[in-house]
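What follows is a set of notes on a single structure, which appears directly below.
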Amino acid sequence: MAAGYGWPQSTAVRAGDYVFVSGVVAIDPGTGERVNGTVTSEAHRVFQNLKLVLESAGTSLERMVQVRAMIYDRIEYDALNRVYRQYVPNGPPARTVWSVQIIDAFKVQLDAIAVA
3 MAAGYGWPQS
13 TAVRAGDYVF
23 VSGVVAIDPG
33 TGERVNGTVT
43 SEAHRVFQNL
53 KLVLESAGTS
63 LERMVQVRAM
73 IYDRIEYDAL
83 NRVYRQYVPN
93 GPPARTVWSV
103 QIIDAFKVQL
113 DAIAVA
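Numbering (my numbering), first residue to last: 3 to 118.
Pasting the structure below:
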């Protein structure tokens with residue numbers, strides 16, 4: 003997966019027993035191209051990308067201890083939650099959700115911290 007979607011950041015950094023993941027958005031990991039769609043379709047792609055990043059760093063979605071989610075419109079909160087529950091069904095980590103204007107007009111962006 004392209005590091006940080008071409009932004010000046012690392013997609014993931016390991017520090018001690020933790021993996022910090024930043025700026026996961028809806029891009030195709032094979033092509034680096036943006037995946038446009040609804041909050042639901044973008045959220046699925048974002049969680050699939052997050053899963054790939056975490057597994058590449060030797061951890062998993064199940065080992066997340068914090069998630070920061072950004073959505074472009076607070077009215078989409080329920081749509082995000084429906085997707086979130088599919089990828090994080092049990093023992094969810096601490097989480098914050100913000101409604102913000104996301105760079106490049108993405109609809110969903112996630113940051114996460116997981117135990118390595």
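Heads up, the beta-carbon is just placed ideally off N, CA and C, and yes, glycines get one too.
Confirm, please, whether the CB-CB distance from residue j to residue i is below 8 Å.
| i | j | result |
| --- | --- | --- |
| A28 | V48 | yes |
| A118 | V23 | no |
| L63 | V90 | yes |
| A59 | A14 | yes |
If you drop the 5 nearest sequence neighbours on each side, which residues of the same chain put their C-beta closer than 8 Å to that of residue i?
| i | result |
| --- | --- |
| E35 | I29 |
| R87 | none |
| L82 | V41, A45, A71, I73, V99 and V110 |
Could you tell me if residue i is buried or exposed, where buried requires 16 or more neighbouring beta carbons within 10 angstroms of its beta carbon?
| i | result |
| --- | --- |
| I105 | exposed |
| L61 | Looking at the sequence provided, one finds Thr at residue 61 rather than Leu. Result: buried. |
| T33 | exposed |
| N1 | Since the first and last residues shown for the chain are 3 and 118, residue 1 lies out of range. |
Can you name, in chain order, every residue of its own chain whose Cβ lies under 6 Å from the Cβ of residue i, other than the five neighbours on each side?
| i | result |
| --- | --- |
| K109 | V41, E44 and Y74 |
| R76 | S101 |
| A116 | V21, L56, T61, R65 and M66 |
| R97 | V69 |
How many Å lie between residue i and residue j at the Cα?
| i | j | result |
| --- | --- | --- |
| Y79 | E57 | 27 Å |
| R70 | D19 | 19 Å |
| R84 | A17 | 31 Å |
| P95 | V37 | 26 Å |
| K53 | P31 | 12 Å |
| R51 | Q103 | It should be noted that the sequence gives Asn, not Arg, for residue 51. When rounded, the distance between both Cα atoms is 21 Å. |
Looking at C-alpha atoms only, which residue of the options is the closest neighbour of residue i?
| i | options | result |
| --- | --- | --- |
| V99 | V21, V37 and Q68 | Q68 |
Is there at least one non-hydrogen atom of the ligand MG closer than 7 Å to the beta-carbon of residue i?
| i | result |
| --- | --- |
| P91 | Ligands are entirely absent from the displayed structure, and the ligand MG is therefore not among its contents. |
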